[in-house]
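The block underneath contains the structure these notes are about, expressed in structure tokens.
4 protein chains.
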Amino acid sequence: METFSRLESEVRSYCRGWPTLFTRARGSRVYDHTGRGYLDFFAGAGALNYGHNNPTLKTALLDYLGSDSIVHSLDAATTAKRDFLDTFEEVILKPRGLDYKVQFPGPTGTNAVEAALKLARKVTGRETVISFTNSFHGMTLGALAVTGNSMKRGGAGVPLNHTVTMPFDNYMDGQVPDFLWLRSLLEDSGSGLDRPAAVIVETVQGEGGINVARADWLRGLAELCREHELLLIVDDIQMGCGRTGPFFSFEEAGIVPDIVTLSKSISGYGLPMALTLFKRELDVWEPGEHNGTFRGFNPAFLTATVALNTYWRDDSLERETLAKGQLITERLEAIAAEHAEAGASVRGRGMACGLVLPGEGDARRVCAEAFERGLLMETSGPEDEVAKLLPPLTTSVAEMEEGLDILAESVRAAVRTPQPA
Amino acid sequence: METFSRLESEVRSYCRGWPTLFTRARGSRVYDHTGRGYLDFFAGAGALNYGHNNPTLKTALLDYLGSDSIVHSLDAATTAKRDFLDTFEEVILKPRGLDYKVQFPGPTGTNAVEAALKLARKVTGRETVISFTNSFHGMTLGALAVTGNSMKRGGAGVPLNHTVTMPFDNYMDGQVPDFLWLRSLLEDSGSGLDRPAAVIVETVQGEGGINVARADWLRGLAELCREHELLLIVDDIQMGCGRTGPFFSFEEAGIVPDIVTLSKSISGYGLPMALTLFKRELDVWEPGEHNGTFRGFNPAFLTATVALNTYWRDDSLERETLAKGQLITERLEAIAAEHAEAGASVRGRGMACGLVLPGEGDARRVCAEAFERGLLMETSGPEDEVAKLLPPLTTSVAEMEEGLDILAESVRAAVRTPQPA
Amino acid sequence: METFSRLESEVRSYCRGWPTLFTRARGSRVYDHTGRGYLDFFAGAGALNYGHNNPTLKTALLDYLGSDSIVHSLDAATTAKRDFLDTFEEVILKPRGLDYKVQFPGPTGTNAVEAALKLARKVTGRETVISFTNSFHGMTLGALAVTGNSMKRGGAGVPLNHTVTMPFDNYMDGQVPDFLWLRSLLEDSGSGLDRPAAVIVETVQGEGGINVARADWLRGLAELCREHELLLIVDDIQMGCGRTGPFFSFEEAGIVPDIVTLSKSISGYGLPMALTLFKRELDVWEPGEHNGTFRGFNPAFLTATVALNTYWRDDSLERETLAKGQLITERLEAIAAEHAEAGASVRGRGMACGLVLPGEGDARRVCAEAFERGLLMETSGPEDEVAKLLPPLTTSVAEMEEGLDILAESVRAAVRTPQPA
Amino acid sequence: METFSRLESEVRSYCRGWPTLFTRARGSRVYDHTGRGYLDFFAGAGALNYGHNNPTLKTALLDYLGSDSIVHSLDAATTAKRDFLDTFEEVILKPRGLDYKVQFPGPTGTNAVEAALKLARKVTGRETVISFTNSFHGMTLGALAVTGNSMKRGGAGVPLNHTVTMPFDNYMDGQVPDFLWLRSLLEDSGSGLDRPAAVIVETVQGEGGINVARADWLRGLAELCREHELLLIVDDIQMGCGRTGPFFSFEEAGIVPDIVTLSKSISGYGLPMALTLFKRELDVWEPGEHNGTFRGFNPAFLTATVALNTYWRDDSLERETLAKGQLITERLEAIAAEHAEAGASVRGRGMACGLVLPGEGDARRVCAEAFERGLLMETSGPEDEVAKLLPPLTTSVAEMEEGLDILAESVRAAVRTPQPA
């Protein structure tokens, strides 16, 4: 580990909480250099929904690479890209009635968000974008400006402008009618809110603490955008690709965003890939107006295509995810009940779940205890007050039970005395 | 090809100039779906310095993936990352006397630039960054603000601030002493230039038209930065990894930048990867202050390590690159001489070369003719007035001659009548 | 009038609603070139609290000018300035226990606001300033950024940044607890609100529609600022100098702002003058860091001194103002009751009063009818839905009744049929 | 003087260099409370071109005020405003062939500049404004962003954006062809300069150190603006109203700016007043889009009218100013020759003159010595290296000689030993 402290920037983070050297992985299990295995309830922050080194995808990937197929192509036309586009249309877009054009920005979430924001501003000719409390959209300047976390914002070194923060669903504990504030601002020409270009929202805020927006709230937001001609951007980077059950997390609410960002699990194998989707009529880009060296990383297109064919041609994965999500929730509720004095509670949708432990440091201690017991989890929320569970969707029920047992023990070990919030 | 026009955003670009479907590639040769081969003098815009599907790297990559090694790890510690760091230190940093810390931002060039800019502003507590005419640093808002191209800047949809553009070397045709303007601004408390945090520069501007900064100019810039305590950022994304001969393009000038960005060919195989390097004392990041999902893409660390071991343990690649660069330059000079009436001229360093054809549309027509004849090249420069050559460094002399023959023919076909600039 | 349309910019405004040529004025009465008199219930938008050409001030001013006393002195020391400072301290600051330093910015309200914002940012090292819905603070870029009106904001031609708008008292009709939203943002490190430098507020929003903040709300705001170490700026440009009764409008709430802006009636004679007051410990200005040509306009210091001596050495003016305010309110309530079907209602504090007429165009028509009948009034509010009354504080009860009679007639003439909002 | 240190902000400046209490003034002579007289070669920073308490203007002003004429009218129509507009058209605009509309912003220079910048951005739909090294345009955020002085810029507390600084005439000592840099940026789509809305320039930079732009340079600038459709704003606040000879300082160059700002001496009596003039076709303001409480300060309109009638109906003042300027220059040249070892030199046009004393602190010491000897002068330039002379234009030749004699002595007293720049 000395290599890392000598050579890698202090910005490194996860290696501090998990002080070991990982070497191999398969499915929901990761192994370190001593051969010790860990159950992975983190899944690359949602980038490994189909598990590590998924065998179906692996076979296809080795074939692809072994046959000297195109790896890197910028935005030239390739067979792998064509196949991905056709499959994405057939398996994902058409069945859901979505007439989206597909943009391949640089292969990271923040690049997809930057493309979305640029397009929204270009289309509308307006600058302001509305984001929500405790949102997370990325680290480059445009995406960081719509991200809530003050430590991360402080890293910008310049003021982050052209954005306005609004209360996410239930932010003020039900004391305020939904959208009363935003609607008031939009309808009042003296409010001081410059007419916005767009709203960007996560349906479930992963980094923000597994804050779940109700379907009603999302529909209200979509309606408000429609009324005021604001573009609705759903950032589905962490919650898309089946994390909450359906392929897109917004399907449950029955809304159709104007722009959607996808990344993390879209390649299905942990290969960098990102997409910005938007309604056909919004495709006002000039050729080359937004570019990037790795926007044509074909192995990712290949595994993405295989993942779509394997997991999304029927609804079995979706049903399993909802069932497993139900299982997790029940176990978490039991844990929370056991620690009611510590203020424990549960949040989540599908297989994006959180155990809220408001006592200072509690959630961090739980994750540390879990690591000791062979379970990888991270915290989230503005005060790291949520122990977050994002297991691979392909985690078996037995593994799930094993991990939740470890979690239950870890909470017992970490949360000894009641600590008020 | 209909798939692309139906489903992919109008932002797509290269597929318009190369209207075919690519399937396989090896070394400097790419093949389309009809089996036709093309010599690739573009090399993924410099991301494929060791050629397509380089066999040494390929073997290692297939082994790595085949053995279920870690693919995706965020910034957890992995064997592949440790090996990369140790090798990078041993093969690259130590022999050059560079005491840099290494940051892994998201795996694209623009992410590396954003990290560099954020760090420079954080360290200095200042906002302004100086960039140069015809610079290219990326498409996310921070990087776009230091990019010169007006079409790309216009895509931002918000004003791009906190930056000041300065003349690149020879921008005003030698009519102005180097740095007279910048130095005047820095030394005059009434100049209106807020004290800058940093200067960001490419040693050779690839997208800007293969504009080559002289070593003297770079030394002058480094000296000016030192005098005024500005951080010097060299964006070596396109010109690093041996493109101009040495591993870092700034080695020739004998300068030591405070911050260096690398991407494109650092993985050596077209796998997305990016690094931000900086002097040890600048490492003021908080843990997690800049993050990103794909900053731990281990297959790229693996191929990067193999590439360093294969190509950079001695100076043979560097010497070959310089020799081939000499060959290209001579051939281009001959072509330029043949088209002196069209104002043709040659620019370049190492294997980053350009044939300047100031007649409107000439360079674009040359590239179109070259494509017809089986050679892939792109234009660069603000008016697309430069036919750019970035062949893989591993291109054989025979392939080089073949490509240059095609180029010579293409110029003859495209540049028929003298067109004054 | 042809001169104005030929030579004066289209930006001119009041001359459109009052299409006559004014020549002379005395007390609350203004005369046009035909000799027709008008009761002035507008008082230079609050700049003439002691009436036009107040005789006590006039005598002193003529003496001053007649004796070749200093007119213009930048910020050199003059007798008139010294006398003003000493009197301001003795008559205003000391009795109220206020230990403020006095800055003389350029002699307009917007200059005073700019100085306040600059100082708040300089002292705290933070950028964000919080303002309120329907606020009005001025037209220069800094002040405009904290102004709510969208038409005026649109005139900036650049995005207005570094500010956040918050709901003014009762903005959401009592549906939301006071400061719930602002407090939530301040207390949540993930809210997306960068830590603010200051809050700027009017106690009664004049341009915004005579929106009156309750004393409780102001105390809550002051307490919130104290808790979170935000500077509290009260913009008392329109509501200070006795408009609401006491000299400062915030006295009633018992709060002590960190920074106060004064202008309009501070000179007492309509002479341009502005002050920025701040707590002694905030005086971190460098000499000359904020300057301006007319910040030493001595005739204004002279009349300001006389006005303080005449009107503020006892509480008689304050008591009269409150009594007249009561009279106005009662008359307005009667008018509103008569036009209940048109949704009429009354707002106000002291002698800043408004008759709300939500029917489209109603308030504007009322003012037009009033002008025809010899009464000058203007509208305010985001939709010009409020007929605003700002009579000179020195208006006699008989004049008040006369004006209110005209107003009652004008409303009857203008608001014929019920018009829902 | 204790009053000032106890009550006035540390921002006060001139009172530090002139530590006495001024009481009366007449013509070019100011008197302090001890009765001591000072020759005023500062003239309110150019606001008193016709001297203190000019008797012709004074008589008219006392009559106006004595007859209860309108003092304060916002932008209502008044006789005084009509008379000013008609006179300004007849005496100034028509004879010079200028078809300008007149805007009355708030009565300070910075307000006039803000209005000019807002209008230029609104008309063009662009944000960037070009200003020049060592420019001074005002202290509010918009005007400050086009001001060069770093100390004053630092007071903003927020980054100053949407502006680009360019070299003023002769900034780089003739080493660079005029406008080579600006022209290069404008003509190169890859330069990084976003297409500007406007250029703002002073013909002679007063605060910047009496830097004089040659007529050729101004014509070149006007031509460049015309070619690239940039609006040309001449800030004539300090150099207009005859300071350089003709009414507008740009007349000598024969250019017609698109927008002109006037303030300081426009009222002629030190009364706050400011104008923004612009070509008729640029008058796209909405009614009330830019407003301000004191934009209708009628006593200033009255004295402005009288000043125009008194001084500008023939060319005698212009001729006298040029002659006196010649006298000053000759005397300054002699002083400079006497102090050649200290690097002394002379700058100026008309009666805006400067003695450059590059030795550190020399110019400040000269002004201090001059004060001791009864002469008021200030320094200017980024390092306060210029002793600036702005005497009232009405200063007699005898007074001029008297003041220049004092100056010569003061330089001898202050600049004892040669100090290299």
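Protein chains in written order, with full-length UniProt numbering: chain A, 1 to 421; chain B, 1 to 421; chain C, 1 to 421; chain D, 1 to 421. We put the CB at the ideal spot given by N, CA and C, even for glycine. Please read these numbers as outputs of a predicted model, since none were measured by experiment.
(1) Which class does residue 415/D belong to by DSSP, given the choice of helix, strand or coil?
(2) Check each residue of the region 180-205 of chain D: if its Cβ is closer than 8 Å to any Cβ of chain B, include it; give the result in chain order.
(3) List in chain order: all unbroken beta strand (DSSP E) runs of 3+ residues lying wholly within the region 296-354 of chain B.
(4) Does residue 170/D get closer than 8 Å to chain B when you measure Cβ to Cβ?
(5) Interface residues of chain B around residue 267/D at Cβ under 7 Å?
(6) Is it buried or exposed for residue 1/B, if we count other Cβ within 10 angstroms and need 16 for buried?
(7) Beta strand (DSSP E) containing residue 31/D: first to last residue?
(8) Run through chain C and tell me which residues come within less than 9 Å of residue 208/A, C-beta to C-beta.
(9) Residues of chain B with CB under 8 Å from residue 230/A, in chain order?
(10) Between residue 180/A and residue 172/C, what straight-line distance do the alpha-carbon atoms span, to the nearest angstrom?
(11) Helix, strand or coil: which one does DSSP assign to residue 165/C?
(12) Along the chain, where does the beta strand (DSSP E) that runs through residue 40/D open and close?
(13) Can you check whether the C-beta of residue 13/A is within less than 8 Å of a C-beta belonging to chain C?
(14) Between the alpha carbons of residue 300/A and residue 109/A, how many angstroms are there, rounded?
(15) Report the three-state DSSP secondary structure of residue 213/C (helix, strand or coil).
(16) Within the same chain, show all residues whose beta-carbon is closer than 7 Å to that of residue 257/C, passing over the 5 residues directly before and after it, in chain order.
(17) Can you check whether the C-beta of residue 382/A is within less than 8 Å of a C-beta belonging to chain B?
(18) In chain order, what are the residue ranges of uninterrupted beta strand (DSSP E) at least 3 long that sit wholly in the region 178-252 of chain A?
(19) Starting from residue 122/A, trace the alpha helix (DSSP H) both ways and give me its first and last residue.
(20) If we call anything under 8 Å between Cβ atoms a contact, is residue 91/D one with residue 309/D?
(21) Please list, in chain order, all residues of the same chain as residue 182/A whose beta carbon is under 6 Å from its beta carbon, the five residues on each side excluded.
(22) State the start and end residues of the unbroken alpha helix (DSSP H) segment that holds residue 294/B.
(23) Suppose the cutoff is 7 Å on Cβ atoms and the five residues either side in sequence are ignored; what does the same chain contact list for residue 419/C look like?
(24) Locate the alpha helix (DSSP H) running through residue 58/A, then write down its first and last residues.
(25) Contact between the region 75-82 of chain D and the region 40-51 of chain D is defined here as three or more beta-carbon pairs at a separation below 8 Å; is this criterion met?
(26) Are any of the Cβ atoms in chain C nearer than 8 Å to that of residue 358/A?
(27) How far does the beta strand (DSSP E) with residue 366/A in it extend, from its first residue to its last?
(28) From the DSSP secondary-structure annotation, give me the bridge partner or partners of residue 131/D.
(29) Return helix, strand or coil for residue 10/D, following the three-state DSSP convention.
(30) Against chain D, does residue 347/B count as a neighbour if the rule is that its beta carbon must be under 8 Å from one of theirs?
(31) Quick check: the Cα distance between residue 228/A and residue 286/B, rounded to an integer number of angstroms?
(32) Assuming contact is defined by CB atoms lying nearer than 8 Å, are residue 198/C and residue 230/C in contact in what I supplied?
(33) So, for residue 325/C: in the same chain, excluding its five sequence neighbours on each side, which residues have a beta-carbon less than 6 Å away from its beta-carbon?
(34) Take residue 122/D as the anchor and find which of 132/C, 151/C, 201/C, 355/C has the nearest alpha-carbon.
(35) Check each residue of the region 76-110 of chain A: if its Cβ is closer than 7 Å to any Cβ of chain B, include it; give the result in chain order.
(36) Return the residue from the list 115/B, 392/B, 143/B that minimises the CA-CA distance to residue 282/B.
Looking at the coordinates:
(1) Reading the fourth sequence from its first residue, position 415 is the one you call residue 415/D. Residue 415/D: coil per DSSP, three-state reduction.
(2) 180, 181, 184, 185, 188, 189, 190, 191, 192, 193, 194, 195
(3) 345-349
(4) Position 170 of the fourth sequence, counting from 1, holds the residue named residue 170/D. It does not: the Cβ of residue 170/D has no partner Cβ on chain B nearer than 8 Å.
(5) Locating residue 267/D in the fourth sequence gives position 267, where the first residue counts as 1. Within 7 Å Cβ-Cβ: nothing; residue 267/D doesn't reach chain B, min ~29 Å.
(6) Within the second sequence, residue 1/B is the residue found at index 1, counting from 1. Answer is exposed; the Cβ neighbour count stays below 16.
(7) By one-based count along the fourth sequence, residue 31/D stands at place 31. Its beta strand (DSSP E) spans residues 29-32.
(8) One-based indexing of the first sequence puts residue 208/A at position 208. Those within 9 Å of residue 208/A in chain C are 190.
(9) Within the first sequence, numbered from 1, the residue matching residue 230/A stands at position 230. Under the 8 Å cutoff, chain B gives no residues; its nearest Cβ is about 14 Å from residue 230/A.
(10) As a first step, residue 180/A is located in the first sequence; it is residue number 180 there, counting from the start. As a first step, residue 172/C is located in the third sequence; it is residue number 172 there, counting from the start. Each residue's Cα considered, the two are about 8 Å apart.
(11) Sequence index remark: in the third sequence, residue 165/C carries index 165 (1-based). Reduced to three states, the DSSP call for residue 165/C is strand.
(12) On the fourth sequence, position 40 is the one that residue 40/D refers to. Residues 37-40.
(13) Locating residue 13/A in the first sequence gives position 13, counting from the first residue. Answer no: the Cβ-Cβ gap between residue 13/A and chain C never drops below 8 Å.
(14) Along the first sequence, one-based indexing puts residue 300/A at 300. Along the first sequence, one-based indexing puts residue 109/A at 109. Using only the alpha carbons, I get a separation of about 14 Å.
(15) Residue numbering aside, residue 213/C sits at position 213 when the third sequence is read from its first letter. In this structure, residue 213/C counts as coil in the three-state DSSP scheme.
(16) Against the third sequence, residue 257/C aligns to sequence position 257. Correct list, in chain order: 232, 233, 234, 250.
(17) Your numbering for residue 382/A matches position 382 in the first sequence. Not one chain B Cβ lies under 8 Å of residue 382/A.
(18) 198-201, 231-235
(19) As a working note, residue 122/A is residue 122 in the first sequence. Residue 122/A -> alpha helix (DSSP H) spans 109-124.
(20) Looking up residue 91/D in the fourth sequence gives position 91. Looking up residue 309/D in the fourth sequence gives position 309. In contact: residue 91/D and residue 309/D (Cβ atoms closer than 8 Å).
(21) The count along the first sequence starts at 1 and reaches residue 182/A at position 182. 166.
(22) Within the second sequence, numbered from 1, the residue matching residue 294/B stands at position 294. Here residue 294/B belongs to no alpha helix (DSSP H), and DSSP marks it neither H nor E.
(23) Within the third sequence, residue 419/C is the residue found at index 419, counting from 1. In this prediction, residue 419/C scores a pLDDT of 49, lower than 50, which makes its location untrustworthy; the coordinate-derived value is nonetheless stated afterwards. Closer than 7 Å at Cβ, skipping near neighbours: 342, 359, 360, 362.
(24) One-based indexing of the first sequence puts residue 58/A at position 58. Run containing residue 58/A: 55-66, per the alpha helix (DSSP H) assignment.
(25) no
(26) Your numbering for residue 358/A matches position 358 in the first sequence. No, no contact with chain C.
(27) As a working mapping, residue 366/A is identified with position 366 in the first sequence. No beta strand (DSSP E) holds residue 366/A; the alpha helix (DSSP H) holding it covers 362-372.
(28) Here the question's residue 131/D lines up with position 131 in the fourth sequence. Residue 131/D pairs with 165/D.
(29) Residue 10/D sits at position 10 when you count from the first residue of the fourth sequence. Coil at residue 10/D, not helix or strand.
(30) As a working note, residue 347/B is residue 347 in the second sequence. Chain D, which has no Cβ nearer than 8 Å to the Cβ of residue 347/B, makes this no.
(31) Counting from one through the first sequence, the residue named residue 228/A turns up at place 228. Counting from one through the second sequence, the residue named residue 286/B turns up at place 286. Approximately 40 Å, taken between the alpha carbons.
(32) The residue you call residue 198/C lines up with position 198 of the third sequence. The residue you call residue 230/C lines up with position 230 of the third sequence. A contact, by the Cβ cut-off of 8 Å.
(33) In the third sequence, residue 325/C corresponds to position 325, counting from 1. Excluding sequence neighbours, residue 325/C sits near 350, 351.
(34) Along the fourth sequence, read from residue 1 onward, the residue named residue 122/D stands at position 122. Measuring from the Cα of residue 122/D, the nearest candidate turns out to be 151/C.
(35) 76, 77, 78, 79, 82, 85, 86, 89, 101, 102, 103, 106, 107, 108, 109, 110
(36) In the second sequence, the residue the question calls residue 282/B occupies position 282. Closest option to residue 282/B, Cα to Cα, is 115/B.
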